[in-house]
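Residue numbers (our numbering), protein chains in the order written: chain Z, 17 to 419; chain Y, 635 to 928.
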C-alpha cells in the first residue's frame with residue numbers, strides 16, 4: 017500500500033467518524049474577534065467580547081457535538097487600514113471563518129467589504145452605522161445589536177416628545193458620528209424640532225470645553241452627543257463643570273454604554289436617558305449570564321455589545337450545525353432563515369438586509385441613592401417593540417431587499 | 635460685532651479656553667525641557683508620568699482619604715521618586731550615548747507603564763471629583779468660567795515662572811546650567827553632579843505628575859490620558875526650541891490658544907494644527923522659535 021492510499025484511507029475514515037465535520041473547512045471553525053483592545057472602546061467591547069464569544073462556544077456545547085471551534089482576537093487600534101490588514105490576513109492565511117464585533121464604523125465598513133469579497137461571514141455587534149444594513153448591506157454580514165437608526169428613533173423621539181425641540185450636535189468626526197448625527201437629525205426634524213448647530217471633533221478628544229462653549233452659545237435646549245466611549249464621558253464630565261445642566265440645557269447621550277456610566281459614576285451620570293437593547297439586570301437569565309461573565313472579565317458587567325457577541329456567536333454555531341458547513345454566505349443565509357432564540361435577547365428574527373430584530377429599551381440612569389448593589393445603574397423607562405425598534409426594511413436602500 | 639462670522643464674545647471665550655489648555659501644554663513641555671536641557675534625555679515616559687500623577691491623586695483619595703490639596707503636594711513627590719529610581723537604575727547608563735537610546739528606553743517604559751495600568755484599571759477611566767472649594771464658576775458676560783479652570787491657569791503660570799526663575803536667575807540654577815555645559819569642571823568645584831542630575835530628573839517628572847493631578851478633576855483618570863497628549867507636547871517643545879525653558883512656557887500657552895481658535899473655525903483640524911505649525915517652524919527655524927542653533 018502506498019503512502020497516498022494510506023492517507024486517502026485515513027481521510028475517508030476520518031470523514032466517516034465525524035460527519036459533522038464533513039463540510040467544515042480544514043476541520044476547525046475559527047472565529048476572530050476584531051476590536052479595540054487598548055483604547056477608548058476597550059471596556060465596552062475589548063476582551064469582554066472575547067470572553068462572550070468563548071462563553072457562547074462553551075454554552076453551545078461545541079466539543080460535545082464534535083465541532084472544533086477556536087476563538088482568536090486582535091486589536092485594530094481604531095484604524096481602518098490596520099483592521100483591513102488583519103481581516104485579510106485572518107481570512108487568507110489563518111483560515112478564519114467568522115469575524116465578530118468590530119467597533120468603530122469606519123473599520124467595520126472596511127471589514128464588511130473584505131468579508132464579502134472573500135465569501136466569509138461577519139457578525140457586527142459594536143459598530144453602529146445603519147449603513148451596514150442600508151447602502152453597504154451584504155449577503156455575508158449580520159448587524160446584531162443596535163444601530164444609529166435605532167438610537168435616533170429611541171432616544172431622539174423620546175427627547176423631542178418631552179420638550180427638547182432645539183438641538184446642538186457634538187459629533188465624533190468619522191463614519192459613526194456622521195451616521196448617528198444624520199439619523200438623529202432626521203428624527204428631530206420629523207417630530208417638529210430644529211437643529212441650531214453642530215460641531216465635529218476628532219475621535220478620542222480629551223478637552224471638550226471649546227465645543228461645550230459653542231453648544232452653550234447656541235442656546236439649544238438639547239446638546240446631542242453623537243460620539244461614544246471616552247469621548248462621551250469626557251464631554252459629560254466637563255459639561256457639569258461648565259454648568260450646562262444648571263444653565264437649563266440638557267445632554268442627550270446618543271450612545272452610552274454600561275461601562276461609560278460606571279466610569280462616570282452615578283453622581284455625574286444620573287438622569288441621562290438613552291437607548292439600549294440589553295441590560296444585564298432584566299431577568300433571571302440575563303442576571304445569570306452577567307454573573308458568569310463578570311467573573312471572567314475583571315468584574316466588568318456585560319454591555320449590550322458583549323451580549324450581542326454572545327448571542328450572535330450562538331446563533332452562528334447553530335446555523336453551522338444545521339447546515340453542516342461553514343461556508344460564509346450560506347451560513348449567513350441560514351442564520352436569516354432560522355428564528356433566533358437566546359437567553360439574552362429572547363426570541364427574534366434576522367431580516368434579509370442582515371438586520372437582527374429585537375426590542376430596544378429606553379433607560380434612565382439611577383440616582384446614587386436608588387442604586388442598591390454594584391452595577392445597579394438603569395431604570396427601564398419604556399420598551400420599544402421589536403417591529404418599531406429598527407428602520408423599516410424598505411427605507412434603508414439595501415440592494416438585497418426586493419423592490 | 636463678528637470676526638469671520640463668529641461673534642467676538644465667543645472668541646474671547648475661546649481665547650480663555652485656549653489659555654487653559656495651554657497651561658497643561660506649558661507645564662508638561664516645561665518638564666520635558668528641563669530634563670532635555672540638563673540630562674540630554676528625550677523623556678518619552680513623560681506622558682505616562684503625567685497619567686501616574688492623576689492615578690496617584692485617585693489612590694490618595696480612595697485608599698488614604700487624602701483629598702485634592704494633599705494630592706497636589708504628595709502625588710508629584712511620589713511619582714518623582716519612581717522617576718528617580720528609573721534614572722538611577724537605567725537612564726544614567728545612557729548619558730554618553732546618542733539621544734536615540736534614551737528615547738527608545740523611555741518610550742518602552744511608557745508603553746509598559748500604560749499597559750500595566752490599562753490591564754489593571756481598564757480603558758474607560760475612573761472618576762475623580764472636583765474639590766468642593768473650586769466647584770462652580772462665574773459668568774464673565776462673554777462666557778461661563780468654571781472656577782477650577784481659572785485655578786489651573788493661575789497655578790500653572792506660577793509654577794512655570796518659578797521654575798524659569800530658579801533655573802535662569804539663581805545660584806542653584808547656574809550650577810545646573812554649568813553642569814550641562816561642563817560636568818567635569820563643575821564636579822571639580824566640589825558639586826555632586828550625578829546627584830544633581832538625578833534630582834533634576836525627579837523634578838521634571840514631578841512637574842508631569844503635578845499636571846496629572848491638575849487634570850484629574852476635569853478629564854477622566856484614564857491609563858491612556860498621557861499617550862496622545864505627549865505627542866502634542868513634544869511638538870510644543872520642538873516649536874519652542876528643545877531645552878529652552880521660556881520657549882516651552884510661551885509656546886505652550888501660545889499653541890493652546892491657536893488650537894482653541896481652530897476648534898471654532900475648523901474643528902476637524904484641531905488635532906493637526908499644531909503639527910502643521912511644527913512643520914513650518916522646522917522648515918524656517920530648525921532650532922525652534924526660542925532655541926539657539928548649536
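Even for Gly, the Cβ is constructed at its ideal location relative to N, Cα and C. For clarity, every value in this text was computed on a predicted model and none was experimentally measured.
Between the CA atoms of residue j and residue i - distance to the nearest angstrom
i	j	result
residue 413/Z	residue 151/Z	5 Å
residue 798/Y	residue 385/Z	49 Å
residue 37/Z	residue 267/Z	Legend: pLDDT at residue 37/Z = 47, less than 50; position of this residue unreliable, no value from coordinates given.
residue 122/Z	residue 96/Z	6 Å
residue 410/Z	residue 742/Y	53 Å
residue 654/Y	residue 642/Y	19 Å
residue 329/Z	residue 72/Z	6 Å
residue 86/Z	residue 894/Y	49 Å
residue 375/Z	residue 176/Z	21 Å
residue 383/Z	residue 286/Z	5 Å
residue 68/Z	residue 94/Z	21 Å
residue 738/Y	residue 782/Y	36 Å
residue 404/Z	residue 181/Z	22 Å
residue 846/Y	residue 74/Z	43 Å
residue 356/Z	residue 172/Z	28 Å
residue 910/Y	residue 218/Z	16 Å
residue 242/Z	residue 194/Z	8 Å
residue 222/Z	residue 681/Y	14 Å
residue 584/Y	residue 228/Z	Since the first residue shown for chain Y is 635 and the last is 928, residue 584/Y is missing from the structure and cannot be characterised.
residue 102/Z	residue 363/Z	33 Å
residue 147/Z	residue 293/Z	19 Å
residue 963/Y	residue 828/Y	As displayed, chain Y neither begins before 635 nor continues past 928, which places residue 963/Y out of reach and without an answer.
residue 132/Z	residue 251/Z	37 Å
residue 336/Z	residue 769/Y	58 Å
residue 733/Y	residue 673/Y	10 Å
residue 853/Y	residue 864/Y	15 Å
Beta carbon of residue i nearer than 8 Å to that of residue j
i	j	result
residue 872/Y	residue 922/Y	yes
residue 360/Z	residue 323/Z	yes
residue 289/Z	residue 378/Z	yes
residue 644/Y	residue 402/Z	no
residue 776/Y	residue 860/Y	no
residue 245/Z	residue 57/Z	yes
residue 902/Y	residue 216/Z	yes
residue 744/Y	residue 679/Y	yes
residue 662/Y	residue 867/Y	yes
residue 762/Y	residue 851/Y	yes
residue 327/Z	residue 358/Z	yes
residue 671/Y	residue 842/Y	no
residue 676/Y	residue 725/Y	no
residue 225/Z	residue 185/Z	no
residue 157/Z	residue 128/Z	yes
residue 333/Z	residue 89/Z	no
Listed by chain order, chain Y residues near residue i by CB distance under 7 Å
i	result
residue 59/Z	756, 757 and 758
residue 55/Z	757 and 858
Within chain Y, partners of residue i - CB distance below 9 Å
i	result
residue 227/Z	897 and 901
Beta-carbon neighbours of residue i, restricted to chain Y and to distances below 8 Å
i	result
residue 276/Z	758
residue 321/Z	Neighbours of residue 321/Z on chain Y: none; closest Cβ ~13 Å, over 8 Å.
residue 316/Z	756
Chain-ordered chain Z contacts of residue i [CB-CB under 8 Å]
i	result
residue 648/Y	226 and 229
residue 765/Y	Within chain Z, no residue comes near residue 765/Y; the closest Cβ sits about 12 Å away, beyond 8 Å.
Partner residues on chain Z for residue i, Cβ-Cβ distance less than 9 Å
i	result
residue 863/Y	222
Chain Z residues whose Cβ lies nearer than 7 Å to that of residue i
i	result
residue 742/Y	The premise fails here: residue 742/Y is roughly 16 Å from chain Z at the closest Cβ pair, so nothing lies under 7 Å.
**Request:** Check distances from the C-beta atoms of the segment 670-702 of chain Y to those of chain Z and list, in chain order, the residues that come in under 7 Å.
**Result:** none
**Request:** Name, going along the chain, the residues of the segment 181-198 of chain Z whose beta-carbon falls closer than 8 Å to a beta-carbon of chain Y.
**Result:** Taking 8 Å as the Cβ-Cβ cut-off, the segment 181-198 of chain Z approaches chain Y at 189, given in chain order.
**Request:** Count the C-beta pairs between the segment 743-758 of chain Y and the segment 873-883 of chain Y that are closer than 8 Å, then say yes if the count reaches three, no if not.
**Result:** Counting C-beta pairs with one atom in each stretch, the segment 743-758 of chain Y and the segment 873-883 of chain Y have fewer than three that are closer than 8 Å, which means they do not touch.
**Prompt:** Which residues, in chain order, does the segment 902-925 of chain Y contribute to contact with chain Z at a C-beta distance below 9 Å?
**Reply:** 902, 903, 904, 905 and 906
**Asked** Does the segment 338-350 of chain Z come within contact of the segment 132-140 of chain Z, defined as at least 3 CB pairs closer than 8 Å?
**Response** Yes, since at least three Cβ pairs between the segment 338-350 of chain Z and the segment 132-140 of chain Z fall closer than 8 Å, the two stretches touch.
**Asked** What are the residues of the segment 231-263 of chain Z that lie near chain Y, defined by any Cβ-Cβ distance shorter than 8 Å?
**Response** Residues passing the 8 Å Cβ filter: 232, 233, 245, 246, 249, 250, 253, 254, 257, 258, 259 and 263.
**Request:** Closer than 8 Å, Cβ to Cβ, to anything on chain Y: give me those residues from the segment 195-225 of chain Z, in chain order.
**Result:** So the list reads 215, 216, 217, 218, 220, 221, 222, 223 and 225, given in the order they occur along the chain.
**Message:** Under 8 Å, CB to CB, which of the residues in the segment 278-300 of chain Z have a partner in chain Y?
**Reply:** Taking 8 Å as the cut-off between beta carbons, the residues of the segment 278-300 of chain Z near chain Y are 278, 279, 280, 281, 283 and 284, in sequence order.
**Prompt:** Between the segment 706-723 of chain Y and the segment 671-686 of chain Y, do at least 3 Cβ pairs fall closer than 8 Å?
**Reply:** yes
**Prompt:** For the segment 717-728 of chain Y against the segment 848-868 of chain Y, are there 3 or more C-beta pairs whose distance is under 8 Å?
**Reply:** no
**Prompt:** Going along the chain, which residues of the segment 711-726 of chain Y sit with their C-beta nearer than 8 Å to a C-beta in chain Z?
**Reply:** none
**Message:** Whether or not the segment 105-112 of chain Z and the segment 44-54 of chain Z are in contact is what I'm after, with contact meaning three or more pairs of Cβ atoms, one per stretch, closer than 8 Å; do they touch?
**Reply:** yes
**Prompt:** Given 8 Å as the limit, is there contact between the segment 146-163 of chain Z and the segment 200-209 of chain Z, that is, 3 or more CB pairs closer than that?
**Reply:** no
**Item:** chain Z contacts from the segment 775-803 of chain Y (Cβ-Cβ distance under 8 Å)
**Value:** 777, 778, 780, 782 and 783
**Request:** Residues of the segment 824-858 of chain Y with a CB closer than 7 Å to any CB of chain Z: list them in chain order, please.
**Result:** Residues of the segment 824-858 of chain Y with a Cβ closer than 7 Å to any Cβ of chain Z, in chain order: 852, 853, 854, 856 and 858.
**Prompt:** For the segment 872-897 of chain Y, which residues have a CB atom closer than 8 Å to at least one CB atom of chain Z, in sequence order?
**Reply:** 894 and 897
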